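Asks: Have a look at this one before I ask anything.
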Amino acid sequence: MKYDFTAIEAKWHKIWDEKQLYAARTGSDAKKFYALVEFPYPSGAGLHVGHARPYTAMDVIARKHRMQGENVLFPMGYDAFGLPTENYAIKNHIHPAVVTKNNIATFRGQLQALGYSFDWDREINTTDPKYFKWTQWIFLQLYKNGLAYKAKMPVNWCTSCKCVLANEEVVENVCERCGSPVVRKEKSQWMLRITRYAQRLLDDLDDVDFIERVKIQQRNWIGRSTGAEVRFGSTFGDEITVFTTRPDTLFGATYMVLSPEHPLLERWMDRLTNADEVKAYQEAAAAKSDFERTELTKEKTGVQLGGVKGINPVNGKEIPIFISDYVLSTYGTGAIMAVPAHDDRDWEFAKKFGCEIIEVVKGGNVQEAAFTDCATGVMVNSGFLDGMSVADAKKAITEYLTEKHIGEAKVNFKLRDWVFSRQRYWGEPIPIVHCPKCGTVPLDEKDLPLELPDVESYEPTDDGQSPLAAITDWVNTTCPCCGGPAKRETDTMPQWAGSSWYYLRYMDPHNDEALASPEALRYWSPVDWYNGGMEHTTLHLLYSRFWHKFLYDIGVVPTKEPYAKRTSHGMILGEGGIKMSKSRGNVINPTDVIAEYGADTMRTYIIFIGDFEKAASWSTNAVKGCKRFLDKVWNLAETVTDHETAYSTKNESILHKTIRKVTSDIDALKGNTALAALMTLTSTLTDNGCNAAELKTLLQLLSPFAPHICDEIWQQHGFEGICSVSAWPAYDESKCRDAEIDMAVQVNGKLRGTIHVAADLDDETVVQTALADEKIARFLEKTGGALRKSIVVKNKLVNLIVK
Ligand code: ANZ
Ligand code: ZN
Numbered sequence: 001m002k003y004d005f006t007a008i009e010a011k012w013h014k015i016w017d018e019k020q021l022y023a024a025r026t027g028s029d030a031k032k033f034y035a036l037v038e039f040p041y042p043s044g045a046g047l048h049v050g051h052a053r054p055y056t057a058m059d060v061i062a063r064k065h066r067m068q069g070e071n072v073l074f075p076m077g078y079d080a081f082g083l084p085t086e087n088y089a090i091k092n093h094i095h096p097a098v099v100t101k102n103n104i105a106t107f108r109g110q111l112q113a114l115g116y117s118f119d120w121d122r123e124i125n126t127t128d129p130k131y132f133k134w135t136q137w138i139f140l141q142l143y144k145n146g147l148a149y150k151a152k153m154p155v156n157w158c159t160s161c162k163c164v165l166a167n168e169e170v171v172e173n174v175c176e177r178c179g180s181p182v183v184r185k186e187k188s189q190w191m192l193r194i195t196r197y198a199q200r201l202l203d204d205l206d207d208v209d210f211i212e213r214v215k216i217q218q219r220n221w222i223g224r225s226t227g228a229e230v231r232f233g234s235t236f237g238d239e240i241t242v243f244t245t246r247p248d249t250l251f252g253a254t255y256m257v258l259s260p261e262h263p264l265l266e267r268w269m270d271r272l273t274n275a276d277e278v279k280a281y282q283e284a285a286a287a288k289s290d291f292e293r294t295e296l297t298k299e300k301t302g303v304q305l306g307g308v309k310g311i312n313p314v315n316g317k318e319i320p321i322f323i324s325d326y327v328l329s330t331y332g333t334g335a336i337m338a339v340p341a342h343d344d345r346d347w348e349f350a351k352k353f354g355c356e357i358i359e360v361v362k363g364g365n366v367q368e369a370a371f372t373d374c375a376t377g378v379m380v381n382s383g384f385l386d387g388m389s390v391a392d393a394k395k396a397i398t399e400y401l402t403e404k405h406i407g408e409a410k411v412n413f414k415l416r417d418w419v420f421s422r423q424r425y426w427g428e429p430i431p432i433v434h435c436p437k438c439g440t441v442p443l444d445e446k447d448l449p450l451e452l453p454d455v456e457s458y459e460p461t462d463d464g465q466s467p468l469a470a471i472t473d474w475v476n477t478t479c480p481c482c483g484g485p486a487k488r489e490t491d492t493m494p495q496w497a498g499s500s501w502y503y504l505r506y507m508d509p510h511n512d513e514a515l516a517s518p519e520a521l522r523y524w525s526p527v528d529w530y531n532g533g534m535e536h537t538t539l540h541l542l543y544s545r546f547w548h549k550f551l552y553d554i555g556v557v558p559t560k561e562p563y564a565k566r567t568s569h570g571m572i573l574g575e576g577g578i579k580m581s582k583s584r585g586n587v588i589n590p591t592d593v594i595a596e597y598g599a600d601t602m603r604t605y606i607i608f609i610g611d612f613e614k615a616a617s618w619s620t621n622a623v624k625g626c627k628r629f630l631d632k633v634w635n636l637a638e639t640v641t642d643h644e645t646a647y648s649t650k651n652e653s654i655l656h657k658t659i660r661k662v663t664s665d666i667d668a669l670k671g672n673t674a675l676a677a678l679m680t681l682t683s684t685l686t687d688n689g690c691n692a693a694e695l696k697t698l699l700q701l702l703s704p705f706a707p708h709i710c711d712e713i714w715q716q717h718g719f720e721g722i723c724s725v726s727a728w729p730a731y732d733e734s735k736c737r738d739a740e741i742d743m744a745v746q747v748n749g750k751l752r753g754t755i756h757v758a759a760d761l762d763d764e765t766v767v768q769t770a771l772a773d774e775k776i777a778r779f780l781e782k783t784g785g786a787l788r789k790s791i792v793v794k795n796k797l798v799n800l801i802v803k
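In structure tokens, the structure reads:
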């Protein structure tokens, strides 16, 4: 019979579905295993091979754990709100809901064609009102707990999406999504206080099994800095508080810098002798992004404030004050003491503006370059700190500042609050009403979900208003508090909202009373293994850890962390190692591969392609190689006609060894080497002959990778049950030893005997065994020759040259 993968795959999809073969059972006594992959954004382009890699890898793991008797939850859904759908809808005059529905249908079809063992009964869609009811409910809890607030602040504005972006969405000054330039705009925004969780988000990384590069990226993003706040005086009387990580260098502060947005400037403006110049500089700075402003290579700019001086609190020295855009308003206090001798940026600025450079840590030549080493230097020109190490000086000065009430120790985080509103249509409406009498009023929970109105046009406006603002019927409402006329909030939530808690919904997706029942949450939490893209490390992964911790604090979820383990995959590149892109025309569509070679080949190949964590490039030749491998399995099965229940002695050792290897490789994300071992096993069984027991084991080991063909062959041979839910084969460590073989022993090229040794034995041991053999030893004694040289042909013969 021919290996008709198309018919076989269709047949088994139907059987798996009818039998609900991969359904997860909440409350089961079996050990639970929750395997999660990042749900896709259902774009118009359909599923691509970049999805297939992590999905297949996790499916292999889920299938193996299921065969090991665990109660596996492996769910799938769609993260369907967002700009690309909305932009497509605008261009083609189709409602985003319709676009979403069509795209989801395409994705679902592709995912099913790949044969993933998802529990389809738990499928979710973030744009479903039954789902986003709970996204809105979480927002209300955040609001009631003081973690959601509205604030006017400078935000990142994408000139093309006409929408604000979170810091996490701005990459090198352009919009992460569309690549257009990002500018700064002062706007009133909904914010989430993720900063309140900064320390816990950092500390609890110690308790989870995330790959190291994920932990490092999150730690850097959270960016904890320890130092001190110091209150300087000024000749205008006002205090200027600065944040510094180097309070030890206080005696070396020769000027100060305020950010162009610093609130003191407005207060001082009338008294400054160069107010016009200062105002012009402020305007220029406002047009730049943080990225442009802090770029290290860029030339420093600034303006000295005329008519005012700062006063260093430790020595009473009057020093100039500048404004410069290299000081950000959003970090620390928005003001710094500048120590050009020991800070690179300050040094550059001082050279350009002719500021004094005073060395306070000995060790370099501070007129030539800033000396920034704090491990070796000794304090100088610093009064009572002189002679101390930097570390000791930090402690001493911080104590001094505290005692004199001019400063104190301070911890700062780089992490900023999360800008949570978007001026677009296709997102969750924020469930808030603005009442002229009562102010900001949250909707009643019983009025959730607050659905989007049906509209004709959802084009964004240039004035930065959400398209919802134009739908007066929807906007005008009554205040839940006083019953008077009020207006709805018209901004919507960002794409990241729905994905911040979706893993909880899978635990109990049809619940109308709660986001999930306490029993389901207790049973399934935490996610045992979550694989996803590195690009989400400081976005989705961090946001969802934040929401989870909040839900833990209000008693909704039972664990502090959502995910016990996090891994990440490398990218799939086009043939020849270049990035796949539409413009290059080298995008591989999994559907085409499935049509030509079958889903089992596609799955096998995407795992065989290389180290899971590293980038790998597509090779059509290697796809064909994987197809030939499955053909070989198919052909091998046709040779098996017996009903043996035990392995033959010939194949016993390789079978046990392969079980051992595949069992550990799958959980180590080394599916590629597991498959290599299965290819070797298939060849060996083909050469040696294969019995029914041996075929069964081969099929079970291969089943997580290529489940359709294995279920089919299993059924054709009348083996009991269904292969993909049969019990994972066990191995016996004692039988994993190497097979034994006979080797010919020659003396000076003539056959003189044979030895029985373990296969693949090292040359030296082979020679020693040959010399020790009774017959050979007697022969050598008789001829009286001494060994001069030996030649070993692996697993075949050893030739002893004697004289
Ligand atoms: C004096 C000093 C001397 C500093 C020295 C450094 C070296 P991190 O590690 O990033 O926290 N700084 C403080 N607030 C700033 C702001 N809003 N914009 C730009 N720079 C700011 O760095 C903290 C250091 O960055 C602070 O310590 C301050 O310069 C500067 F030898 O104070 B330092
Ligand atoms: Zn009211």
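Under the working numbering, the letters of the sequence shown match residues 1 to 803, in that order. By construction, the Cβ of each residue, glycine as well, lies at the ideal position given by its N, Cα and C atoms. What you are looking at is a predicted structure, and each value in this text was computed from that prediction instead of being measured.
(1) Pull up the DSSP beta-bridge partners for TYR78, would you.
(2) Which residues bound the beta strand (DSSP E) around THR226?
(3) Can you check whether the CB of ASN531 is closer than 9 Å to the CB of PRO42?
(4) Going by DSSP, what residues sit across from ARG422 in a beta bridge?
(5) Considering only the alpha carbon of each residue, which of SER28, CYS163 and GLY44 lies closest to ARG422?
(6) Determine the direct distance from the alpha carbon of GLY427 to that of ILE90, and round the result to whole angstroms.
(7) Specify the secondary structure class of GLU299 as computed by DSSP and reduced to three states.
(8) Taking the C-alpha atoms as reference points, what is the distance between ASP491 and TYR197?
(9) Would the C-beta of ASP270 count as close to the ligand ANZ, meaning under 8 Å from any of its heavy atoms?
(10) Report the partner residues of TRP190 according to the DSSP bridge assignment.
(11) According to DSSP, is HIS405 part of a helix, a strand, or is it coil?
(12) Sorted by chain position, which residues of the same chain lie with C-beta nearer than 7 Å to ALA677's C-beta, five sequence neighbours on each side aside?
(13) Measure the alpha-carbon distance for ARG584 versus HIS51 and round it to whole angstroms.
(14) Does any residue of chain B have a CB that is nearer than 9 Å to the CB of GLN68?
(15) Tell me which residues share the same chain as ALA370 and place their Cβ nearer than 6 Å to its Cβ, disregarding the 5 neighbours each side in the sequence.
(16) Spell out a yes or no on whether the stretch 446-454 and the stretch 253-269 are touching, meaning 3 or more CB-CB pairs, one atom from each, closer than 8 Å.
(17) For GLN465 and TYR149, I'd like the C-alpha separation in whole angstroms.
(18) Quick one: give me the first and last residue of the beta strand (DSSP E) that ASN688 is part of.
(19) Using three-state DSSP, classify ASP600 as helix, strand or coil.
(20) Near ARG108, what residues of its chain come up, given a Cβ to Cβ distance below 8 Å and the 5 sequence neighbours on each side ignored?
(21) How long is the line joining the alpha carbons of ASP444 and PRO480, rounded to whole angstroms?
(22) Do you know whose CA, among LEU541, ILE609 and ARG522, lies nearest LEU202's CA?
(23) Quick test of the definition: if touching needs 3 or more C-beta pairs under 8 Å, does the stretch 57-69 touch the stretch 431-438?
(24) DSSP puts TRP157 in a beta bridge; with which residues?
(25) Would you say ILE240 touches the ligand ANZ, meaning its beta carbon is less than 8 Å from a heavy atom?
(26) Which residues in the same chain as GLU38 place their Cβ atom closer than 6 Å to its Cβ, once the five residues preceding and following it in sequence are excluded?
(27) Residues in the same chain with beta-carbon distance under 6 Å from ILE791, minus the five sequence neighbours each way, listed in chain order, please.
(28) Can you determine whether any heavy atom of the ligand ANZ sits closer than 8 Å to the C-beta of ARG246, and answer yes or no?
(29) Check whether the Cβ of MET337 lies closer than 8 Å to any heavy atom of the ligand ANZ, and answer yes or no.
(30) Does the Cβ of MET1 have 16 or more other Cβ atoms within 10 Å, making it buried, or fewer, making it exposed?
(31) Any idea what DSSP makes of THR245, helix, strand or coil?
(32) What's the C-alpha gap between MET105 and PRO129?
(33) Starting from THR330, follow the beta strand (DSSP E) in both directions and report where the run begins and ends.
(34) What is the DSSP secondary structure of TRP501, reduced to helix, strand or coil?
(35) Label THR537 either buried or exposed according to how many other C-beta atoms from any shown protein chain fall within 10 Å of its C-beta, with 16 as the threshold for buried.
(36) Out of curiosity, what's the CA-to-CA distance linking GLN367 and MET337?
Replies: Let's see:
(1) Per DSSP, ASN125.
(2) Where THR226 is concerned, the enclosing beta strand (DSSP E) stretches over 224-234.
(3) Taking 9 Å as the Cβ cut-off, PRO42 and ASN531 do not qualify as a contacting pair.
(4) Paired residue(s): THR492.
(5) The residue with the shortest Cα to Cα distance from ARG422 is CYS163.
(6) Roughly 15 Å separates the two Cα atoms.
(7) Looking at GLU299 - three-state DSSP - the assignment turns out to be coil, as it is neither helix nor strand.
(8) Within the model, the alpha-carbon separation for ASP491 versus TYR197 is close to 25 Å.
(9) Every heavy atom of the ligand ANZ is 8 Å or more from the Cβ of ASP270, so no.
(10) BP columns for TRP190 point to LYS150.
(11) Three-state result, HIS405: coil.
(12) Taken in chain order, the residues that qualify are THR658, LYS661 and VAL662.
(13) Computed Cα separation, rounded: 19 Å.
(14) In the structure shown, chain B does not exist; there is a single protein chain.
(15) HIS342, ASP343, ASP344 and TRP347.
(16) Contact between the stretch 446-454 and the stretch 253-269 is absent, because fewer than three Cβ pairs lie under 8 Å.
(17) Taking the straight line joining both Cα atoms gives about 18 Å.
(18) Segment 671-688 is the alpha helix (DSSP H) holding ASN688; no beta strand (DSSP E) there.
(19) Annotated three-state conformation of ASP600 is helix, per DSSP.
(20) Around ARG108: GLU123.
(21) Their Cα atoms are separated by approximately 7 Å.
(22) It is LEU541 whose Cα lies nearest to the Cα of LEU202.
(23) With the cut-off at 8 Å, the stretch 57-69 and the stretch 431-438 do not touch.
(24) BP columns for TRP157 point to VAL164 and VAL183.
(25) With a threshold of 8 Å, the Cβ atom of ILE240 does not count as near the ligand ANZ, since no heavy atom of the ligand is closer than that.
(26) In chain order, GLY532 place their CB closer than 6 Å to the CB of GLU38, counting only its own chain and leaving out the 5 sequence neighbours on each side.
(27) Apart from sequence neighbours up to five positions away, the residues of its chain that approach ILE791 with a beta-carbon distance below 6 Å are ASN799, ordered along the chain.
(28) Flag set: Cβ of ARG246 near the ligand ANZ.
(29) Yes, the Cβ of MET337 comes within 8 Å of a heavy atom of the ligand ANZ.
(30) With fewer than 16 other Cβ atoms within 10 Å, it is exposed.
(31) In the three-state reduction of the DSSP assignment, THR245 falls in the coil class, being assigned neither a helical nor a strand state.
(32) The identity of residue 105 in the sequence shown is Ala, whereas the question assumes Met. If I take the Cα positions, the gap works out to 18 Å.
(33) Membership of THR330 in any beta strand (DSSP E) is not indicated, and neither H nor E is assigned to it by DSSP.
(34) Looking at TRP501 - three-state DSSP - the assignment turns out to be coil, as it is neither helix nor strand.
(35) Result: buried.
(36) Cα to Cα, the separation comes out at about 19 Å.
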